[in-house]
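See structure below.
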Amino acid sequence: MTREMRVLEPADGKVFGFYCCGPTVYGPAHIGNFRTFVLNDVLRRALEVGGTKTKHVRNITDVDDKTIRDSQLSGMSLAEFTGKWTRRFHEDCEALNCLVPHIEPSAVEHIPEQIAMIETLVESGNAYRSEDGSVYFRIASFEDYGKLARLDQQDLELGKTQGERANADEYEKDSVSDFVLWKGRRPEDGENYWDSPWGEGRPGWHLECSAMSYKYLGDSFDLHSGGEDLKFPHHENEIAQSRCACGGDFARAWFHPRFLMVDGEKMSKSLGNLYTLADLERDPGATPMEVRYALIGAHHRKQLNFTFDGLHAAREALSKLARAEALLAQAAGKEG
Numbered sequence: 003m004t005r006e007m008r009v010l011e012p013a014d015g016k017v018f019g020f021y022c023c024g025p026t027v028y029g030p031a032h033i034g035n036f037r038t039f040v041l042n043d044v045l046r047r048a049l050e051v052g053g054t055k056t057k058h059v060r061n062i063t064d065v066d067d068k069t070i071r072d073s074q075l076s077g078m079s080l081a082e083f084t085g086k087w088t089r090r091f092h093e094d095c096e097a098l099n100c101l102v103p104h105i106e107p108s109a110v111e112h113i114p115e116q117i118a119m120i121e122t123l124v125e126s127g128n129a130y131r132s133e134d135g136s137v138y139f140r141i142a143s144f145e146d147y148g149k150l151a152r153l154d155q156q157d158l159e160l161g162k163t164q165g166e167r168a169n170a171d172e173y174e175k176d177s178v179s180d181f182v183l184w185k186g187r188r189p190e191d192g193e194n195y196w197d198s199p200w201g202e203g204r205p206g207w208h209l210e211c212s213a214m215s216y217k218y219l220g221d222s223f224d225l226h227s228g229g230e231d232l233k234f235p236h237h238e239n240e241i242a243q244s245r246c247a248c249g250g251d252f253a254r255a256w257f258h259p260r261f262l263m264v265d266g267e268k269m270s271k272s273l274g275n276l277y278t279l280a281d282l283e284r285d286p287g288a289t290p291m292e293v294r295y296a297l298i299g300a301h302h303r304k305q306l307n308f309t310f311d312g313l314h315a316a317r318e319a320l321s322k323l324a325r326a327e328a329l330l331a332q333a334a335g336k337e338g
């Protein structure tokens, strides 16, 4: 959170532990999502080529507002629905030549760990139960809240004092407020609920990553990554939960690749410019490696404008690399 450049190396001198926020499996991941995952893959490969041992954890979000909503619309159970899209995600990752994470935990598999973390936060006074059976994190209890996302101080002070609460998973910076850790059961949740000390319900989206990163990487680890849209509220809330519940530094460094634009505009379903890997394989007949090459065509701190011309340029660049590799192999054979 210091905005300082630093050498990426394991704090313990042995293993570089990093956590990547994985997909919310309610549909196919689009190429904007995959820019983050491909850049994480490049980062991991660079570390390992340099001799650094890594421990790569990437979660699967298989219970949240979106997965519950869309599973019900599909007529499938939550497990069937999220299983379908998790498999699709894995297929796309394999096609894009992304290394498999060392650990890939899912939110549903870690409900007990999330409940235990909430209990710790309630006992410490950082969280409280509301009248609707939900449990909220008290942001005024964490002095460093807002530093990662550089929240406006006026919005932050209002959020700490006005007594508002955010029950939705996602909200904007001007809606800073106490955020939900445990959502009391509601009719729209259907059968997707679990027992807890506060009654039936389910975890809030932000909590899952805190619980799983703590289980597999401890209270302090080397790097946390995710798309720039996750900086607030998701990562801001993770920091607050984790440092209050577990102590430690949480993440020592952050990696937030910028958005992928399409023809100069943000990808959206309404504009019809949201592409999946399968879309680009159909038209214009791109290969996954051409898509991968295109996705790393700009520094991670810069927005990348994706165009079909850029995809064609990626094809030509890969063709040149393949020819160069063949010539080098031929030359090496002659020398041998």
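Under this note's numbering, the first residue of the sequence shown carries the number 3, and numbering increases by one thereafter. Glycine residues also receive a C-beta, built at the ideal position from the N, C-alpha and C atoms. The structure displayed is predicted, hence computed values, not measured ones.
Could you tell me whether the Cβ atoms of Thr63 and Ser136 are closer together than 9 Å?
Taking the sequence shown and counting its residues from 1, one reaches residue 63 at position 61. Taking the sequence shown and counting its residues from 1, one reaches residue 136 at position 134. No, they are not a contact pair.
If you drop the 5 nearest sequence neighbours on each side, which residues of the same chain put their C-beta closer than 6 Å to that of Pro30?
Working through the sequence shown from its first residue, we reach residue 30 at position 28. Arg90, Thr278, listed in sequence order.
Could you give the DSSP three-state label for Ala13: helix, strand or coil?
Here residue 13 corresponds to residue number 11 of the sequence shown, with the count starting at 1. It is coil, neither helix nor strand.
Using a Cβ-Cβ cut-off of 6 Å (strictly less than) and excluding sequence neighbours within five positions of Ser179, which residues of its own chain qualify?
Here residue 179 refers to the residue found at position 177 of the sequence shown. Once the five neighbours on either side are set aside, the close Cβ partners of Ser179 are Gly161, Glu166, Arg167, Ala168.
With 16 as the cutoff for other CB atoms within 10 Å, does Tyr84 come out buried or exposed?
Walking along the sequence shown from the start, residue 84 turns up at place 82. It should be pointed out that residue 84 corresponds to Thr in this sequence rather than to Tyr. The residue in question, Thr84, is buried, as its Cβ has 16 or more Cβ neighbours within 10 Å.
Compare the Cα-Cα distances from Ala253 to each of Asn307, Gln305, Leu150 and report the closest residue.
Here residue 253 refers to the residue found at position 251 when the sequence shown is read from its first residue. Looking at the Cα atoms, Leu150 is the closest of the given residues.
Is it the case that the Cβ atoms of His302 and Cys23 are separated by a distance below 9 Å?
One-based indexing of the sequence shown puts residue 302 at position 300. One-based indexing of the sequence shown puts residue 23 at position 21. Taking 9 Å as the Cβ cut-off, His302 and Cys23 do not qualify as a contacting pair.
Could you tell me whether the Cβ atoms of Tyr138 and Phe181 are closer together than 9 Å?
Within the sequence shown, residue 138 is the residue found at index 136, counting from 1. Within the sequence shown, residue 181 is the residue found at index 179, counting from 1. Yes. Within cutoff.
Thinking C-beta only, is Gly203 closer than 9 Å to Lys185?
Within the sequence shown, residue 185 is the residue found at index 183, counting from 1. Within the sequence shown, residue 203 is the residue found at index 201, counting from 1. Yes; because the gap between Cβ atoms is below 9 Å, this pair is in contact.
Ignoring anything shorter than 4 residues, give me the alpha helix (DSSP H) runs that lie fully in the region 152-190, in order along the chain.
155-163
On the three-pair Cβ rule with 8 Å, is the region 296-315 touching the region 249-265?
yes
Whole-angstrom distance between Trp196 and Glu125, CA atom to CA atom:
Mapped onto the sequence shown, residue 125 falls at position 123. Mapped onto the sequence shown, residue 196 falls at position 194. Roughly 21 Å separates the two Cα atoms.
Below 6 Å CB to CB, which residues in the same chain sit around Cys95 once its five sequence neighbours on both sides are set aside?
Mapped onto the sequence shown, residue 95 falls at position 93. No residues qualify anywhere along the chain.
Determine the DSSP secondary structure at Ile105, reduced to helix, strand or coil.
For the purposes of this step, residue 105 is taken as the residue at position 103 of the sequence shown. In the structure shown, Ile105 sits in a strand (DSSP, three-state: E or B).
Buried or exposed (CB count within 10 angstroms, at least 16 for buried), Arg325
The residue given as residue 325 occupies position 323 in the sequence shown. So Arg325 counts as exposed.
Determine which residues share a DSSP beta bridge with Cys22 and list them.
Taking the sequence shown and counting its residues from 1, the one referred to as residue 22 is at position 20. The partner list for Cys22 (beta bridge, DSSP) reads Arg60, Ser227.
In this structure, how does DSSP classify Val264 when only helix, strand and coil are distinguished?
Position 262 of the sequence shown, counting from 1, holds the residue named residue 264. Residue state, collapsed to three classes: strand.
Would you mind working out which of Asn42, Arg317, Ala316 sits nearest Thr56, comparing C-alpha positions?
As a first step, residue 56 is located in the sequence shown; it is residue number 54 there, counting from the start. The residue with the shortest Cα to Cα distance from Thr56 is Asn42.
Within 10 angstroms of its Cβ, does Arg284 collect 16 or more other Cβ (buried), or is it exposed?
Sequence index remark: in the sequence shown, residue 284 carries index 282 (1-based). By the neighbour-count rule (16 or more Cβ atoms within 10 Å), Arg284 is not buried but exposed.
Boundaries (first-last residue) of the alpha helix (DSSP H) holding Ala296:
Start at 1 with the first residue of the sequence shown, and residue 296 comes out as number 294. Ala296 -> alpha helix (DSSP H) spans 290-297.
Out of Leu123, Gly53, His32, which has the shortest C-alpha to C-alpha gap to Glu11?
Position 9 of the sequence shown, counted from the start, is the residue given in the question as residue 11. Measuring from the Cα of Glu11, the nearest candidate turns out to be Gly53.
Cut-off 6 Å between Cβ atoms - residues of its own chain near Ala288, not counting five sequence neighbours on either side:
For the purposes of this step, residue 288 is taken as residue 286 along the sequence shown, with counting starting at 1. These residues qualify, in order along the chain: Leu282, Leu313.
Report, in whole angstroms, the separation of the C-beta atoms of Glu238 and Gly148, which I expect to be a contact under 8 Å.
Start at 1 with the first residue of the sequence shown, and residue 238 comes out as number 236. Start at 1 with the first residue of the sequence shown, and residue 148 comes out as number 146. About 7 Å; that satisfies the 8 Å criterion.
CB-CB length for Pro250 against Thr38, believed under 8 Å:
Along the sequence shown, one-based indexing puts residue 250 at 248. Along the sequence shown, one-based indexing puts residue 38 at 36. Correcting the residue type first, residue 250 is Gly in the shown sequence and not Pro. Rounded, the Cβ-Cβ distance is 25 Å, inconsistent with contact.
Give the secondary structure of Asn194 by DSSP, where H, G and I count as helix, E and B as strand, and everything else as coil.
Within the sequence shown, residue 194 is the residue found at index 192, counting from 1. Three-state result, Asn194: coil.
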